[in-house]
Structure formats: structure tokens, C-alpha cells
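Engineer: Residue numbers (full-length UniProt numbering): 1 to 105. Note that CB positions come from ideal geometry on N, CA and C, so glycine has one too.
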């Protein structure tokens, strides 16, 4: 199976990260990953309130923006936040967004 494309750390763009995080479903997925660490796509997508194909679309948007890393593990795909990469490019951004999202809940 071919590896999924991810932008290099230096290629992560602020506008793309903010666009990806502006969707409530994607923001919830990121909050789950921030709380739990690495998870399967199925676990992240469970109870998001969207169909599996829609969840896959959201996961792809997060991956292509450089917010998450997705890797194949047998038949499962594992997702994790690219926290170190995001903090290197935009210090404090992820923590600020997650804190603001948590405050509005």
C-alpha cells in the first residue's frame, strides 16, 4: 500500500491549517486526538455525527493541511496530531485553538 502524502513541516501553511480547523467536525476530531494521542480513524470518527465517507473527507483535509499524520498499520489507519511540527511552524497556535474551542463548549 502506498504511503499517504503529508506536507513537509516547512510546507505547512497557516491559511491551510486555519481553514482545516475552522470546521466544527474537524475541530472535534483534533480535540479528540489532542486528548487521547494516536487513535484509529474509526475511533476518531465514532460519534462525530457524520457518515464514514464524510469523516474520511474531513480526515483528508486535516492530513493535507499538515494538522495530522496518518499511517497504515495493517488494515487500520492510525491518526495522530503533528503537534511538534505545528508548534515549530506556529508556536502556540494549536493550544490556543483548542483552548478557545473548549471554552465555547
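#1: Counting pairs of beta carbons, one from the segment 3-11 and one from the segment 40-58, are three or more of them closer than 8 angstroms?
#2: Could you give the residue range of the beta strand (DSSP E) that holds residue 9?
#3: Smallest Cα separation from residue 39: which of 24, 76 and 88?
#4: Helix, strand or coil, according to DSSP, for residue 22 in the structure here?
#5: Classify residue 14 as buried or exposed, calling it buried when 16 or more other Cβ atoms lie within 10 Å of its own Cβ.
#6: For a minimum of 4 consecutive residues, which ranges assigned as the alpha helix (DSSP H) are wholly contained in the UniProt domain "HTH arsR-type" (6-101)?
#7: Go ahead and pull the three-state DSSP assignment for residue 3.
#8: Quick one: residues in its chain with C-beta nearer than 7 angstroms to the C-beta of residue 25, no 5 flanking neighbours on either side, listed in chain order?
#9: With distances taken from CA atoms, which of 74, 27, 34 and 81 is nearest residue 110?
Structural biologist: Result, derived from the coordinates:
#1: no
#2: Premise fails: residue 9 is in no beta strand (DSSP E) and is neither H nor E.
#3: 76
#4: coil
#5: exposed
#6: Annotation: the UniProt domain "HTH arsR-type" (6-101) contains the following complete segments of the alpha helix (DSSP H) (minimum length 4 residues), in chain order: 14-21, 24-36, 41-45, 52-65 and 83-89.
#7: coil
#8: The answer, listed in chain order, is 48, 50 and 58.
#9: The requested residue 110 is not part of the displayed model; the chain covers only 1 to 105.
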